[in-house]
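>
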Amino acid sequence: MNKLLIAVLLVGLGGSSVVATDYEMLTDLGSSAETIALGNVEGLNGSASGIFENPAALKSVEHNSIGLFMTTLMDEVYYKNISLASRMPVGVIGFGYSEASVFNIPISAENSITNEYYVKDYFDYRDSLMKLGYSVELDSEWAIGASYVYYLRTFGAIKATGANFDVGVLLTKPNYSLSLFARNAASGGSVNFSLPDGTMSSEKLPLEVVGSGKYNLMDGMTTYGQVKLRRGSPLISVGGKFIPREFASLELNAGYRQYLVLDRVKGGLALGVSVDLMGIKASYSFEKIEDHPQYDNKSYFSVSINL
Amino acid sequence: MGRKKGAREFEMWYRIKRGFEFLIGVLLIGTLAAIPVAAAQTVEKYSFVSYTVLNPAIATANINTSPGNADASFLLLTMKWGIYFGDGGISSVPNPDSDSSKAFIIGPALFYPNPFKQSVGAHLGYRLSRNADVDIRIFDMRANQIFKTRYNAGVAGGIAGYNRLVMNRQTFNGFELSSGVYFFILSSDDRVIAKGKFVVVP
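Each protein sequence line maps, in turn, to chains A and B. Mapping of the first sequence onto my numbering: residues 1 to 307, in sequence order. Mapping of the second sequence onto my numbering: residues 1 to 202, in sequence order.
1) Below 8 Å between beta carbons: does that hold for residue 83 of chain A and residue 96 of chain A?
2) Give me, in chain order, the residues of the same chain whose beta-carbon lies closer than 6 Å to that of residue 178 of chain A; leave out the 5 immediate sequence neighbours on both sides.
3) Are three or more beta carbon pairs between the segment 52-65 of chain A and the segment 229-248 of chain A nearer than 8 Å?
4) Whose C-alpha, out of A:101, A:70, A:49 and A:122, is nearest the C-alpha of residue 60 of chain A?
5) Answer yes or no: does any C-beta atom of chain B fall closer than 8 Å to that of residue 270 of chain A?
6) DSSP on residue 173 of chain A, reduced to helix/strand/coil?
7) Distance check for residue 166 of chain A and residue 187 of chain A, CA to CA, integer angstroms please.
8) With DSSP run on the structure shown, which of helix, strand or coil describes residue 148 of chain B?
9) Tell me, please, whether the CB atom of residue 262 of chain A is closer than 8 Å to any CB atom in chain B?
10) With a threshold of 16 other CB atoms inside 10 Å of the CB of residue 245 of chain A, please say whether the residue is buried or exposed.
11) Identify, in the order they occur along the chain, each residue of the same chain with its Cβ nearer than 7 Å to the Cβ of residue 176 of chain B, setting aside the five sequence neighbours on each side.
12) Identify the contact partners of residue 240 of chain B in chain A, using a Cβ-Cβ distance below 8 Å as the criterion.
13) Could you tell me the alpha carbon to alpha carbon distance between residue 158 of chain A and residue 180 of chain B, rounded to whole angstroms?
14) In angstroms, rounded to a whole number, what distance separates the CA positions of residue 132 of chain A and residue 108 of chain A?
15) Residue ranges of each beta strand (DSSP E) run of no fewer than 3 residues wholly in the segment 99-169 of chain B, ordered along the chain?
16) Report yes or no: is there a C-beta of chain B within less than 8 Å of the C-beta of residue 298 of chain A?
17) Could you work out which residues of chain E lie near residue 134 of chain B, taking near to mean beta carbons separated by less than 9 Å?
18) For residue 294 of chain A, count the other beta carbons within 10 Å of its own beta carbon; 16 or more makes it buried, fewer makes it exposed. Which is it?
19) Residues of the segment 137-150 of chain B in Cβ contact with chain A at a cutoff of 8 Å, in chain order, please.
20) Could you confirm whether any beta carbon from chain B is found closer than 8 Å to the beta carbon of residue 125 of chain A?
21) Taking residue 74 of chain A as the query, report the chain B residues whose CB atoms sit under 8 Å from its CB, ordered along the chain.
22) Counting along the chain, where does the alpha helix (DSSP H) carrying residue 33 of chain A start and finish?
23) Pick helix, strand or coil for residue 196 of chain A, following the three-state DSSP scheme.
24) Under 8 Å between the Cβ atoms of residue 273 of chain A and residue 256 of chain A?
25) With respect to the beta strand (DSSP E) encompassing residue 203 of chain B, which residues constitute its N-terminal and C-terminal limits?
26) Report yes if the C-beta distance between residue 277 of chain A and residue 302 of chain A is below 8 Å; otherwise report no.
27) Pick helix, strand or coil for residue 114 of chain A, following the three-state DSSP scheme.
28) I need the DSSP call for residue 234 of chain A, collapsed to helix, strand or coil.
29) So with Cβ pairs under 8 Å, would you call residue 89 of chain A a contact of chain B?
30) Look at the alpha carbon of residue 114 of chain B and the alpha carbon of residue 120 of chain A, and state the distance between them as a whole number of angstroms.
31) What's the gap between the Cα of residue 265 of chain A and the Cα of residue 145 of chain B?
32) Below 8 Å, how does it come out for the segment 185-201 of chain B and the segment 33-47 of chain A: are there three or more Cβ pairs, yes or no?
33) Exposed or buried, which one is residue 75 of chain B when buried takes at least 16 other CB atoms within 10 Å?
34) Hey, would you say residue 67 of chain A sits closer than 8 Å to residue 304 of chain A, going by beta carbons?
35) Name, please, each residue of chain A whose Cβ falls closer than 8 Å to the Cβ of residue 104 of chain B.
36) Could you name the residues that DSSP lists as bridge partners for residue 286 of chain A?
Here is the structure:
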């Protein structure tokens with residue numbers, strides 16, 4: 001098993017060179033409101049939306065699971081994802097689709113008389129990814145997983161496609177769990193753009209190596225931690241979940257995460273609440289937006305159904 | 001033997017039942033999820049104004065000089081009635097207030113060309129009603145602020161008339177932006193006077 005961990009790390013670290021520009025990853029936002037509220041600690045998700053994180057985490061799906069997530073940022077960017085997972089005799093198979101859309105982006109032109117710019121037309125922007133993943137349990141504690149990822153972006157006459165895969169391993173103990181996975185594990189993978197003038201261009205799919213864990217501190221309280229390597233920068237996330245004894249279906253979540261904005265590491269707090277009723281969990285989380293004159297927060301909603 | 005067969009049948013029916021429940025759940029949740037998304041997209045489609053209008057007379061003159069704007073006549077008609085419909089694609093800040101002593105943007109604030117390659121660069125153009133300090137902020141698709149600067153009154157970016165600012169790699173301290181949509185906001189005296197979006201291609 002140690003060899004397996006080393007293999008995952010090597011695959012991950014093999015291509016961790018710094019590049020000028022990376023493909024913007026949809027998964028940076030977070031796969032569910034609950035995950036975001038926990039500081040975006042990934043890889044320990046117990047539902048179908050784990051497909052967007054560590055594919056090995058799909059092993060937590062007991063029978064069938066579905067996950068839905070949506071948010072709108074700045075009244076402009078529409079994020080949504082859907083994930084499905086089902087336990088088969090050979091393991092757990094999952095599928096995920098995630099999308100971000102922006103509508104009515106102006107195509108500008110210059111007035112030859114006034115030299116001022118005007119709107120000639122509009123186009124829409126759609127960024128999506130599809131994942132097909134598989135997780136298998138090696139024994140009662142260890143699970144491994146892999147997922148194939150297909151990237152598709154369309155805007156105006158421009159289309160971009162690419163593919164890569166994620167690999168991961170998960171260790172589950174009674175009091176704690178550890179997750180390690182590599183996103184875009186095939187180093188050198190890129191997304192290729194077909195431009196209207198017939199030329200091609202590309203952006204590198206950024207490799208991420210994510211190690212995370214959760215620990216049951218006491219009855220009703222769980223702590224989360226994560227280190228994510230991105231562009232050579234270690235990004236820290238921490239989170240905590242509290243389940244009041246009197247309301248066992250209620251979960252209160254809080255977290256802090258670091259993230260990259262251009263080449264700077266920034267950090268932000270998140271708060272959230274989940275209600276789990278008979279296998280249907282509805283979650284809400286909240287983050288602040290810094291220095292925006294019109295919007296001061298981001299709100300996320302997600303639902304997961306575990307049957 | 002009979003008991004085993006009964007147990008198998010029970011398990012089979014149980015699995016069918018669970019599968020059926022799962023499908024119903026998927027349909028139900030899918031429908032519920034589609035409602036707010038559809039509503040949000042409808043609101044976006046018919047969102048409030050595309051043009052920054054404080055003084056309709058000035059805006060009218062500006063719109064008339066914009067060839068290819070098929071919506072102009074409709075926009076002028078709706079402006080007369082004080083109703084400003086548009087599709088939200090460009091500067092979308094309706095009358096911030098009626099104090100004419102404060103600066104405002106006439107017509108759209110636009111990146112040209114759009115989309116553009118950052119290595120080639122683009123210009124941000126807008127017509128300012130008077131000399132004023134103008135703050136420009138740019139946000140990425142996750143609402144992270146990636147750029148903020150102030151153009152002082154009387155110099156490029158804060159001059160009465162048409163301002164044209166260069167936006168290229170140097171603007172972002174040499175950092176090459178990932179391809180995607182970015183959102184800009186122009187403000188003056190803590191009032192948003194215009195906003196819009198642009199797309200960077202690799």
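Built from N, CA and C at the ideal position, the CB exists for glycine as well.
Per the coordinate set shown:
1) yes
2) 171 and 213
3) no
4) A:49
5) no
6) coil
7) 11 Å
8) strand
9) yes
10) exposed
11) 118 and 169
12) Only positions 1 to 202 of chain B appear in the structure, and residue 240 of chain B is not among them; the question remains open.
13) 12 Å
14) 39 Å
15) 105-112, 122-128, 134-139, 145-151 and 161-167
16) yes
17) As a matter of chain content, chain E is missing from the structure shown, whose protein chains are A and B.
18) exposed
19) 137, 139, 140, 141, 142, 143, 144, 145, 146 and 148
20) yes
21) 139, 143 and 183
22) 33-37
23) coil
24) no
25) Residue 203 of chain B lies beyond the residue range present for chain B, which begins at 1 and ends at 202; the question has no answer from this structure.
26) no
27) coil
28) strand
29) no
30) 10 Å
31) 13 Å
32) no
33) Legend: pLDDT at residue 75 of chain B = 36, less than 50; position of this residue unreliable, value from coordinates given subsequently. By the 10 Å Cβ count, residue 75 of chain B comes out buried.
34) yes
35) Per Cβ cutoff of 8 Å: no residues; residue 104 of chain B is ~15 Å from chain A at best.
36) A:271 and A:299
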